[in-house]
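Residues 3 to 65 in the working numbering are what the sequence shown spells out, letter by letter. Idealized CB from N, CA, C, for every residue including glycine. Single-structure report; data block below.
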Amino acid sequence: MTSIRTLIRVFARNEQGATAIEYGLIAAFISLALVAGAQVAGPALNQMFTGIGTDLTTAQSAN
3 MTSIRTLIRV
13 FARNEQGATA
23 IEYGLIAAFI
33 SLALVAGAQV
43 AGPALNQMFT
53 GIGTDLTTAQ
63 SAN
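Okay, structure coming up:
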């Protein structure tokens, strides 16, 4: 029968959980960077597409 000490040693040496946590943290940091980048670039993109829409409306009215 396996002793409790042996089970604890096996559990302490197991790195699968640590790897999963590391990948989770990496994914969280990437998501945070994407959200921050979208908030910084969002107003500029909105202004650019608004300008394009205005230009298209003006060009359509001229024809």
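Compute the Euclidean distance between the alpha carbons of residue i and residue j, then round it to the nearest angstrom.
i: Phe13; j: Tyr25; result: 20 Å
i: Thr59; j: Val37; result: 32 Å
i: Gly44; j: Gln62; result: 27 Å
i: Ile32; j: Asn48; result: 23 Å
i: Ile54; j: Ala29; result: 35 Å
i: Leu34; j: Ile10; result: 36 Å
For residue i, which of helix, strand or coil comes out of DSSP?
i: Asn48; result: helix
i: Ser5; result: coil
i: Glu24; result: helix
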